[in-house]
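In full-length UniProt numbering, the protein residues as written are 1 to 355.
Even for Gly, the Cβ is constructed at its ideal location relative to N, Cα and C.
Being a predicted model, the structure only gives us computed values, none of them experimental.
Comments concern the structure below.
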DNA sequence: CACGCGTGGAG
DNA sequence: TCTCCAAGCGT
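As structure tokens, then:
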């Protein structure tokens, strides 16, 4: 790094910026309360960090509010029913997070006396908590100077040190830079400040270097390379898959749904019975979950997952009361909330519902 | 280490 | 419409 500033100077410049500019978020303790000695609630820190994994602040806010209102502490969440938690998570994505959230809450309740351990290694051992989240909880909730390295920090470090090695190979050196900059005092504020910097100033496409407290020390800014960093190994294009979903409505208004297997795509979530989703050059078959007169809708449901596009053919049927399904169960209208469905399944419902 | 795993917003 | 991407984790 050219013109390298001392770590202490960078740390104080960043904390000054953070104290002046920090966003007020529901899981944060404000500057005044923090000055009065108030500490963040580890439960709130943990819950927010799990929700924020690969997910924007704007998307998380309403879910965080709903969860903390309904389950105010880890004991309450540990006692919740699986289906209630999965339904409350519906729409937020990456549903393994919700399954691990419950597992983690139950381990903390049963084996840690209902309190999150103030220890990086112990946190790392909990379900759904990896290197980033363990460090974030340790730093933010317990003032432990653990290296907090997420995508924001990687980008900020890559630019600050003008590191051109592509990710993920550059991860170790970027982590070392972040660790060397982590202060002993207020490590949680420092971590959130670096992430805020990445989220609001040192953004991926058009960084606002004119507003950056670290610009004088930034090697990429001096070199004019900030817009090219961090380098990443290119991703492969998403293939298209297709399949069939069956939306059966009984004459009393009940819908035929099934809980998907724990593992795999949309695991543990409610959904419409259907075929496997296969490549476009293969046939998905036609295996309805109940004997009925099926009608194909003119419009298919389209949805994009992390690694493929899906075109889902929708077939509907009206079935009499006295007929048992081969798959799934009928959910009566008063117990069925479309909001409990993952987004793909809700899209299908919106196209198939009687209007 | 590479891959599977959601969703909605921005450009 | 399309690509990229956001406070990653588990296997």
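CA-CA distance, residue 36 and residue 226? Their Cα atoms are separated by approximately 39 Å.
Which of the three DSSP states, helix, strand or coil, is assigned to residue 2? Confidence at residue 2 is low in this model, with a pLDDT of 40, below 50, so the placement of that residue should be treated as unreliable; the coordinate-derived value is given next. In the structure shown, residue 2 sits in coil (DSSP, three-state: anything other than H, G, I, E or B).
Looking only at its own chain, which residues have a Cβ that is under 6 Å from the Cβ of residue 78, when we skip the five neighbours before and after it? These residues qualify, in order along the chain: 105, 106 and 109.
Should residue 117 be labelled buried (16 or more other beta-carbon atoms within 10 Å of its own) or exposed? Counting C-beta atoms within 10 angstroms of its own C-beta, residue 117 has 16 or more neighbours from the protein chains shown and is therefore classed as buried.
Using a Cβ-Cβ cutoff of less than 6 Å, which residues in the same chain neighbour residue 240 once the five nearest sequence positions on both sides are dropped? Cβ within range, chain order: 280 and 309.
From 293, 124 and 67, pick the residue whose C-alpha is nearest to that of residue 146; which is it? The option with the nearest alpha carbon to residue 146 is 124.
Going straight from the alpha carbon of residue 202 to that of residue 139, what length do you get? Straight-line Cα distance between these residues: approximately 22 Å.
Apart from the five residues on each side of it in sequence, which residues of its chain come closer than 6 Å, Cβ to Cβ, to residue 365? The structure shown has nothing for residue 365, since the chain only spans 1 to 355.
I need the DSSP call for residue 10, collapsed to helix, strand or coil. DSSP places residue 10 in the helix class (H, G or I) of the three-state scheme.
For residue 100, which residues in the same chain have their Cβ closer than 6 Å to its Cβ, ignoring the five residues on either side in sequence? The beta carbon of residue 100 sits closer than 6 Å to the beta carbons of 127 and 128 from its chain, once the five residues preceding and following it are set aside; these are given in chain order.
Does the distance from the C-beta atom of residue 341 to that of residue 80 stay below 7 Å? Against a cut-off of 7 Å, the Cβ pair of residue 80 and residue 341 comes out as no contact.
Can you round the beta-carbon distance between residue 149 and residue 250 to whole angstroms, since I take them to be within the 8 Å contact cut? So it is not a contact: roughly 52 Å between Cβ atoms.
At the level of alpha carbons, what is the spacing between residue 38 and residue 29? Residue 29 has its alpha-carbon roughly 7 Å from the corresponding atom of residue 38.
For residue 54, tell me which candidate among 88, 333 and 133 has the shortest Cα-Cα distance. Measuring from the Cα of residue 54, the nearest candidate turns out to be 133.
Around the Cβ of residue 85, are there at least 16 other Cβ atoms within 10 angstroms (buried) or fewer (exposed)? It is buried - the Cβ of residue 85 has at least 16 other Cβ atoms within 10 Å.
Please state whether DSSP places residue 336 in a helix, a strand or coil. Coil, per DSSP.
Backbone secondary structure at residue 151 - three-state DSSP: The answer is helix: DSSP assigns residue 151 an H, G or I state.
Residue span of the alpha helix (DSSP H) that contains residue 346, given as start and end: Unbroken alpha helix (DSSP H) run through residue 346: 343-352.
May I have the straight-line CA-CA distance separating residue 328 from residue 205, to the nearest angstrom? Rounded to the nearest angstrom, the two C-alpha atoms are 46 Å apart.
The alpha helix (DSSP H) enclosing residue 99, as first and last residue numbers: Per DSSP, residue 99 belongs to the alpha helix (DSSP H) from 96-111.
When you compare each of 72, 243 and 292 to residue 274 by their alpha carbons, which one comes out closest? Selected option, being the one with the closest Cα: 243.
What is the DSSP secondary structure of residue 249, counted as helix, strand or coil? DSSP places residue 249 in the strand class (E or B) of the three-state scheme.
Tell me residue 279's beta-bridge partners as DSSP assigns them. DSSP output for residue 279 lists 241 as bridge partner(s).
Hey, how far is the Cα of residue 252 from the Cα of residue 337? Our two residues, residue 252 and residue 337, have alpha carbons roughly 16 Å apart in a direct line.
Ignore the nearest five residues each way along the sequence and tell me which others in residue 61's own chain have a CB closer than 7 Å to its CB. The answer, listed in chain order, is 26.
Taking a contact to mean a Cβ-Cβ separation below 7 Å, would you say residue 130 touches residue 74 in this structure? The beta carbons of residue 130 and residue 74 sit no closer together than 7 Å.
Mind reading off the beta-carbon distance from residue 218 to residue 160? Whole number of angstroms is fine, and I expect it under 8 Å. Rounded to the nearest angstrom, the Cβ distance from residue 218 to residue 160 is 5 Å, consistent with a contact under 8 Å.
Leaving out five residues on either side along the sequence, give the residues of the same chain with a beta carbon under 8 Å from the beta carbon of residue 24. Closer than 8 Å at the Cβ level, and outside the excluded window around residue 24, lie 30.
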